[in-house]
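These protein sequence lines map, in sequence, to chains D and P. First residue of the first sequence? That's 1 in this note's numbering, and the numbers climb one at a time after it. First residue of the second sequence? That's 1001 in this note's numbering, and the numbers climb one at a time after it.
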Amino acid sequence: QVQLQQWGAGLLKPSETLSLTCAVYGGSFSGYYWTWIRQPPGKGLEWVSYISKITSIISYADSVQGRFTISRDNAKNSLYLQMNSLRDEDTAVYFCARDGGRSYDMDVWGQGTTVTVSS
Amino acid sequence: QSALTQPASVSGSPGQSVTISCTGTSSDVGGYDFVSWYQHHPDKAPKLIIYGVNKRPSGVSNRFSGSKSTNTASLTISGLLTEDEATYYCTSYATYTTLVFGGGTKLTVL
């Protein structure tokens, strides 16, 4: 059964940089698209970014465009999110999730990792 | 990338049915049959319960059903159980390979 393990949580100051990792165990990684989703404290889920199987398609939410970079390493079964120029409003629990390959649905989720940005 | 519109809260008694709406535009909900619904309990990972507007993943109860009319998708939960108490989110594919979530609906089972 596929499992996602996330790490990279942190407490950072505005303008700093953090990288999140999502490692996939027990299932195919290269055969799927992957996404990052976040949930700010007390708020709803927000889609962050999306990457296709061979990185031919990458997209970002307007709120992170130009600051965040999604990437993947199929050899390491891992998904990454490089977050630059962090802002207070980037404070959230970040989830990685697998696109089920049917209708842009996310059928497997990581446990979430907390990123706090505060001066 | 405007969020889809969901009611903030709904409630029902055990055994009853509730319906949660999710309203978007022709650029997202109305333009594609790529609406999904997620159940989210606090401090847990969200769980996919409906994909492709009205399809259930394996293992999801048939008490959950989805539909869509023009720019509004709906999730119906029948035979409410106390364990259904959670926050429910819709999401839709939108133009330029983006995804958009609804604001979430907190379901209270009275």
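Backbone N, C-alpha and C define an ideal beta-carbon position, used for all residues, glycine too.
Span of the beta strand (DSSP E), counted from its first residue to its last, around residue i
i: D:R98; result: 92–99
i: D:E46; result: 46–51
i: D:I54; result: First-last for D:I54: undefined, no H or E at that position.
i: D:D73; result: 68–73
i: P:H1040; result: 1035–1040
i: D:Q5; result: 3–7
Residue i classed as buried or exposed, judged by whether at least 16 other C-beta atoms fall within 10 angstroms
i: P:L1112; result: The requested residue 1112 of chain P is not part of the displayed model; chain P covers only 1001 to 1110.
i: P:W1037; result: buried
i: D:L11; result: exposed
i: P:K1068; result: buried
i: P:H1040; result: buried
Residue of the options minimising C-alpha distance to residue i
i: D:S52; options: D:K43, D:G101, D:G42; result: D:G101
i: D:V115; options: D:S78, D:S19, D:V2, D:Q1; result: D:S19
i: P:N1071; options: P:D1043, P:S1009, P:S1002, P:Y1032; result: P:Y1032
i: D:T55; options: D:S85, D:L12, D:N74, D:T17; result: D:N74
i: D:W34; options: D:W47, D:G42, D:P40; result: D:W47
i: P:I1049; options: P:F1034, P:S1065, P:D1043, P:T1095; result: P:S1065
i: P:S1013; options: P:S1078, P:S1027, P:G1052; result: P:S1078
Chain-order list of residues whose beta-carbon lies under 8 Å from that of residue i (same chain, five-residue window excluded)
i: P:S1009; result: T1105, K1106, L1107, T1108
Sequence-distant residues of the same chain with beta carbon closer than 7 Å to residue i, five excluded per side
i: D:F29; result: N74, N77
Going along the chain, which residues of the region 69–103 of chain D sit with their C-beta nearer than 7 Å to a C-beta in chain P?
-> F95, G100, R102, S103
Below 7 Å between beta carbons is the criterion; list the residues of the region 1043–1062 of chain P that meet it against any residue of chain D, in chain order.
-> A1045, P1046, L1048, Y1051, G1052, P1057
Going along the region 1017–1034 of chain P in order, which residues come within less than 9 Å of chain D, judged by CB to CB distance?
-> Y1032, D1033, F1034
When you check each C-beta in the region 1094–1106 of chain P against every C-beta of chain D, which residues fall closer than 7 Å?
-> Y1096, T1097, T1098, L1099, V1100, F1101, G1103, G1104
Using a Cβ cut-off of 9 Å, which residues of the region 17–49 of chain D contact any Cβ in chain P, in chain order?
-> T35, I37, Q39, K43, G44, L45, E46, W47
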